[in-house]
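Colleague:
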Amino acid sequence: MTKIELTSHTFIKSALKNRYPQLVVLVVMLAGYIFAMMAGLIGTPVGSHNFSIVFVWIAWWAILILFAVPFFGRGWCAVCPIPLPGEWLQRGAILNPPNKKPKWSNLRWPKFLRNIWLQNISFLLLALFSSVLLTTPNVTGIILAAMLFTAIALSMVFERRSFCRYLCPVGGFVGLYSQTAPIELRVKDKQACITCDGKPCYNGSANGYGCPWDVFPGGLTRNTYCGLCTECLRTCPNDNIAINLRSFASDLEKPSARLDEAFKAFIMLGSAMIYAAVLLGPWGALKDAAYHVGTSAWLIYAAVFLGIVFILLPSLFALCAFRLENFNSFKKRFTTLSTALIPLGLMFWVAFSLSFVFTNASYILVSLFDPLGLGWNLFGTVNIVWQPILTPILAPAQTLVLVGGLIWSARTALKASNEAKTSSIPVIIYCFVVTLIMLWLLL
Amino acid sequence: MGPRVSLLLLIMAGLVVAFAPLPVRSIPPQTRTFKLDARQFAYSPSELTVNQGDNVTIQLVSTDVVHGLYIDGYNVSVQADPGQTATLTFIADKPGSFRFRCNITCGAMHPFMIGKLTVGENDWLYRSIGLSVVALAGVFLLTKQQAQIHYDKD
């Protein structure tokens with residue numbers, strides 16, 4: 000598919016360059032975030048009637064995984080309110096760059112942590128406690144507050160959006176899966192970036208800030224670390240930044256050779272399967288183990304969870320890439336081939352979320368008009384009886400999504416195996432087997 | 000055979016796998032009664048299997064707080080007070096696999112208090128596996144044909 004430059008339309012471009020539309024959206028999101036946080040902390044302890052649980056884990060999650068990530072990649076990051084207060088403090092301004100910047104530390108993020116291992120760990124920490132987190136409003140409130148204040152604290156110490164880039168548990172997988180999205184921010188002419196004086200897209204200028212994501216747009220080849228904040232659109236003196244529509248998964252044609260990203264793919268794939276078993280399966284003992292944090296059953300559950308995502312799935316996959324030669328070429332083959340798991344993992348999450356969202360969507364109207372669970376009945380919606388929606392189409396929709404994901408990853412495996420100069424068959428068999436397991440768990 | 004013809008044949012094969020009627024085993028309907036214990040946040044037994052057409056009675060016994068039982072697809076439900084038994088009877092006329100779940104808020108993990116009812120064979124699972132096989136065969140076939148076209152052009 001030929002790329003279509005969205006920013007060639009004057010209206011779109013000026014709407015993106017103007018700071019006010021973005022500010023309005025961000026402020027509304029921040030207000031919603033703080034309200035969800037407060038609802039979690041002071042609202043009803045009944046999760047299914049608390050705004051924080053219903054809006055964060057049902058509404059937001061549905062929008063994120065079923066819509067935002069597949070179609071807009073890191074579009075969510077562009078409107079995420081978490082870095083906002085810290086960024087305002089760090090910049091000493093809400094809109095345009097000020098004449099005098101505040102004197103925060105502005106340290107560079109430590110070099111050995113410039114990867115997504117911390118994001119892998121932060122996601123897993125939440126995942127291990129997910130049964131409590133998804134169902135207990137005050138735990139959700141505490142986590143939302145912790146993320147907001149950690150982002151503020153990091154903005155005071157480190158430069159740019161260090162929290163988003165290196166620590167956010169959501170940002171890691173959004174970045175990984177954003178490679179599949181049909182939208183990208185790229186430069187039009189790389190040569191113009193090479194000769195550009197002062198690189199204002201990275202270093203900032205009077206027109207805007209240097210890339211908050213610590214990315215030099217001239218070197219962008221993948222969506223993974225571009226937060227679509229459009230700051231470079233404002234600072235580029237050569238009108239060289241474009242937001243393009245493109246075919247799905249274009250980034251996967253240039254597979255990454257990074258181990259942290261490869262493990263992210265395993266973590267997300269394994270977590271989707273474990274969530275499907277724990278939250279949607281009929282096994283009470285498994286739910287008990289996942290929910291009773293700190294008990295010996297939970298410790299076993301946590302060990303099995305980590306064993307699956309860090310040992311079982313990667314080691315079985317390693318067999319697909321194994322050949323007797325030096326470690327570096329094995330590692331490159333392993334990471335390159337793991338690209339095939341990106342579309343599959345995304346589709347696993349979509350299939351899991353369809354079930355989760357269709358079942359619980361009816362809570363949204365109830366909690367919208369009685370967000371703290373205090374017995375308000377603003378529009379007569381509180382008495383809506385819980386009822387799963389779209390049940391007859393759920394199983395066919397999940398099959399379509401999972402089989403579609405298998406086709407997508409098989410095609411990706413064929414391309415990745417050409418890059419890795421090895422056979423695609425073992426990887427495709429691996430994808431087929433994990434798809435069968437997911438089908439069995441969901442259907 | 001060109002890629003377009005292959006794609007058409009694959010789509011037809013997929014439709015056959017997904018929708019072709021399967022031979023139905025004619026088993027005379029029976030009356031089946033299950034005693035189902037409900038506690039936070041699980042049913043015991045948590046998986047029920049019946050034949051299509053069976054007259055199913057579920058005696059729901061709640062052992063701690065008020066619990067409910069709602070069967071997806073059948074849209075029937077019942078609620079049991081602690082220590083009490085409530086009875087739900089229905090004809091299992093729709094084949095397939097259905098989740099049943101608590102429909103009375105019973106605690107933190109309430110939304111995930113789930114069991115599984117299988118009526119007859121879980122055909123959709125087998126059809127989905129079949130679709131996966133057809134899909135992979137399609138990927139290999141079409142990739143091979145496209146490679147051949149590129150090779151011929153070169």
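First to last, the sequence lines map onto chains A and B.
Each residue of the first sequence is one higher than the one before, starting from 0 at the first, in numbering that gives the first Met the number 0.
Each residue of the second sequence is one higher than the one before, starting from 0 at the first, in numbering that gives the first Met the number 0.
Positions of the beta carbon are idealized from the N, C-alpha and C atoms, including for glycine.
Against B/L140, what residues of chain A qualify as contacts under a CB-to-CB distance less than 7 angstroms, listed in chain order?
Modeller: Residue 140 of chain B sits at position 141 when you count from the first residue of the second sequence. Those do not exist, as B/L140 stays about 12 angstroms from chain A at its closest Cβ, beyond 7 angstroms.
Colleague: Please report the residue range of the alpha helix (DSSP H) in which B/D53 lies.
Modeller: Position 54 of the second sequence, counted from the first residue, corresponds to residue 53 of chain B. Counting along the chain, B/D53 falls outside any alpha helix (DSSP H), and DSSP gives it neither H nor E.
Colleague: Short of 9 angstroms Cβ to Cβ, which residues in the segment 351-368 of chain A face chain B?
Modeller: If the cut-off is 9 angstroms between Cβ atoms, the segment 351-368 of chain A has S354, F355, T358, N359 and Y362 near chain B.
Colleague: Run the CB neighbour count on A/T411, radius 10 Å, all protein chains shown included, and call it buried at 16 or more, exposed below.
Modeller: Within the first sequence, residue 411 of chain A is the residue found at index 412, counting from 1. Its Cβ being crowded by 16 or more others within 10 Å, A/T411 is buried.
Colleague: Whose Cβ in chain A lies nearer than 7 angstroms to the Cβ of B/D63?
Modeller: Position 64 of the second sequence holds residue 63 of chain B. Correct list: empty, because the minimum Cβ distance to chain A is about 13 angstroms.
Colleague: Use the C-beta contact count for A/A145: other C-beta atoms within 10 angstroms, 16 or more gives buried, fewer gives exposed.
Modeller: Looking up residue 145 of chain A in the first sequence gives position 146. Label assigned to A/A145: exposed.
Colleague: Report yes or no: is there a C-beta of chain B within less than 8 angstroms of the C-beta of A/F347?
Modeller: Here residue 347 of chain A refers to the residue found at position 348 when the first sequence is read from its first residue. Closer than 8 angstroms: no.
Colleague: Go to A/K414, then tell me how far its alpha helix (DSSP H) extends in each direction, as first and last residue.
Modeller: Taking the first residue of the first sequence as position 1, residue 414 of chain A is located at position 415. A/K414 -> alpha helix (DSSP H) spans T390 to A419.
Colleague: Would you check if there are 3 or more beta carbon pairs closer than 8 angstroms linking the segment 269-285 of chain A to the segment 220-227 of chain A?
Modeller: Flag = no, the segment 269-285 of chain A and the segment 220-227 of chain A do not touch.
Colleague: With DSSP run on the structure shown, which of helix, strand or coil describes B/H66?
Modeller: Stepping through the second sequence from its first residue, residue 66 of chain B is reached at position 67. In the structure shown, B/H66 sits in a strand (DSSP, three-state: E or B).
Colleague: Taking all protein chains shown into account, do 16 or more other C-beta atoms lie within 10 angstroms of the C-beta of B/H109, making it buried, or fewer, making it exposed?
Modeller: To locate residue 109 of chain B, count along the second sequence from 1; it is residue 110. Answer is buried; the Cβ neighbour count reaches 16.
Colleague: Take the Cβ of B/Y150 as the centre, count every other Cβ of all protein chains shown within 10 Å, and call the residue buried at 16 or more, exposed below.
Modeller: For the purposes of this step, residue 150 of chain B is identified with residue 151 of the second sequence, where counting begins at 1. With fewer than 16 other Cβ atoms within 10 Å, it is exposed.
Colleague: Rounded to whole angstroms, what's the CA-CA distance from A/F54 to A/A150? Just pull it up for me.
Modeller: Position 55 of the first sequence holds residue 54 of chain A. Position 151 of the first sequence holds residue 150 of chain A. Those two C-alpha atoms are separated by around 21 angstroms.
Colleague: Distance check for A/I52 and A/G39, CA to CA, integer angstroms please.
Modeller: Here residue 39 of chain A refers to the residue found at position 40 when the first sequence is read from its first residue. Here residue 52 of chain A refers to the residue found at position 53 when the first sequence is read from its first residue. Each residue's Cα considered, the two are about 7 angstroms apart.
Colleague: Buried or exposed: A/I424, going by 16 or more other Cβ atoms within 10 Å of its Cβ?
Modeller: Taking the first residue of the first sequence as 1, we reach residue 424 of chain A at position 425. A/I424 comes out exposed.
Colleague: Can you tell which of A/G283, A/A256 and A/Q397 has the C-alpha that lies nearest to the C-alpha of A/R332?
Modeller: Against the first sequence, residue 332 of chain A aligns to sequence position 333. Closest option to A/R332, Cα to Cα, is A/A256.
Colleague: Starting from A/F321, follow the alpha helix (DSSP H) in both directions and report where the run begins and ends.
Modeller: Here residue 321 of chain A is taken as the residue at index 322 of the first sequence, counted from 1. Taken as a continuous stretch (DSSP letters only), A/F321 belongs to no alpha helix (DSSP H), as it is neither H nor E.
Colleague: A/S47 touches chain B at which residues, Cβ-Cβ below 7 angstroms?
Modeller: Here residue 47 of chain A corresponds to residue number 48 of the first sequence, with the count starting at 1. Near A/S47 (Cβ distances below 7 angstroms), the residues of chain B are T104, H109 and P110.
Colleague: Is B/V118 closer than 8 angstroms to B/P81 when the C-beta atoms are compared?
Modeller: Translated into positions along the second sequence, residue 81 of chain B becomes position 82. Translated into positions along the second sequence, residue 118 of chain B becomes position 119. Result no, Cβ atoms of B/P81 and B/V118 do not sit closer than 8 angstroms.
Colleague: Excluding sequence positions up to five away, which residues of its chain have a Cβ less than 6 angstroms from the Cβ of A/V400?
Modeller: The count along the first sequence starts at 1 and reaches residue 400 of chain A at position 401. For A/V400, where only same-chain residues beyond five positions count, the Cβ hits under 6 angstroms are M346, V349 and A350.
Colleague: State yes or no: is the beta carbon of B/I113 nearer than 8 angstroms to at least one beta carbon in chain A?
Modeller: The residue given as residue 113 of chain B occupies position 114 in the second sequence. It does: the Cβ of B/I113 has a partner Cβ on chain A nearer than 8 angstroms.
Colleague: When DSSP labels each residue in this structure, what does B/D36 get in the three-state scheme?
Modeller: Sequence index remark: in the second sequence, residue 36 of chain B carries index 37 (1-based). Residue state, collapsed to three classes: strand.
Colleague: Taking A/Y290 as the query, report the chain B residues whose CB atoms sit under 8 angstroms from its CB, ordered along the chain.
Modeller: Locating residue 290 of chain A in the first sequence gives position 291, counting from the first residue. Within 8 angstroms Cβ-Cβ: F40, A107 and M108.
Colleague: What are the start and end residues of the alpha helix (DSSP H) that includes A/S130?
Modeller: Stepping through the first sequence from its first residue, residue 130 of chain A is reached at position 131. Unbroken alpha helix (DSSP H) run through A/S130: S129 to L132.
Colleague: Going along the chain, which residues of its own chain have a beta-carbon closer than 8 angstroms to the beta-carbon of A/V156, five neighbours each way excluded?
Modeller: Walking along the first sequence from the start, residue 156 of chain A turns up at place 157. Result list for A/V156: W103, S104 and L106, in chain order.
Colleague: Reducing DSSP to helix, strand and coil, say where A/T223 ends up.
Modeller: The residue you call residue 223 of chain A lines up with position 224 of the first sequence. The answer is coil: DSSP assigns A/T223 none of H, G, I, E or B.
Colleague: Using the three-state DSSP reduction, which class does B/G114 fall into: helix, strand or coil?
Modeller: Working through the second sequence from its first residue, we reach residue 114 of chain B at position 115. Strand at B/G114.
Colleague: For chain B, is any of its Cβ atoms less than 8 angstroms away from the one on A/W385?
Modeller: Your numbering for residue 385 of chain A matches position 386 in the first sequence. Chain B, which has a Cβ nearer than 8 angstroms to the Cβ of A/W385, makes this yes.
Colleague: Taking a Cβ distance cut-off of 9 angstroms, strictly less, list which residues of the segment 64-87 of chain B are near chain A, in chain order.
Modeller: So the list reads Y69, D71, G72 and N74, given in the order they occur along the chain.
Colleague: For a minimum of 4 consecutive residues, which ranges assigned as the alpha helix (DSSP H) are wholly contained in the segment 132-172 of chain A?
Modeller: Entirely contained in the segment 132-172 of chain A, the alpha helix (DSSP H) runs reaching 4 residues are, in chain order, 136-156.
Colleague: Less than 6 angstroms between C-beta atoms, sequence neighbours within five positions excluded: which residues of the same chain meet that for A/A396?
Modeller: The residue you call residue 396 of chain A lines up with position 397 of the first sequence. Counting only Cβ-Cβ distances below 6 angstroms, and skipping sequence neighbours, we find L353.
Colleague: Can you tell which of B/A85, B/T62, B/G137 and B/P28 has the C-alpha that lies nearest to the C-alpha of B/L8?
Modeller: Your numbering for residue 8 of chain B matches position 9 in the second sequence. Ranking B/A85, B/T62, B/G137 and B/P28 by Cα distance to B/L8 puts B/G137 first.
Colleague: Can you have a look at A/M0 and say buried or exposed, based on whether 16 or more other CB atoms are within 10 angstroms of its CB?
Modeller: Locating residue 0 of chain A in the first sequence gives position 1, counting from the first residue. So A/M0 ends up on the exposed side.
Colleague: Under 8 angstroms: do the segment 118-126 of chain A and the segment 229-249 of chain A share three or more Cβ pairs, one atom per stretch?
Modeller: As far as the Cβ criterion goes, the segment 118-126 of chain A does not touch the segment 229-249 of chain A, which means the pair count is below three.
Colleague: Taking the straight line between their C-alpha atoms, what separation do you get for B/Q29 and B/V49?
Modeller: As a first step, residue 29 of chain B is located in the second sequence; it is residue number 30 there, counting from the start. As a first step, residue 49 of chain B is located in the second sequence; it is residue number 50 there, counting from the start. If I take the Cα positions, the gap works out to 9 angstroms.
Colleague: With respect to the alpha helix (DSSP H) encompassing A/N202, which residues constitute its N-terminal and C-terminal limits?
Modeller: Taking the first residue of the first sequence as 1, we reach residue 202 of chain A at position 203. First-last of the alpha helix (DSSP H) with A/N202: P199 to N202.
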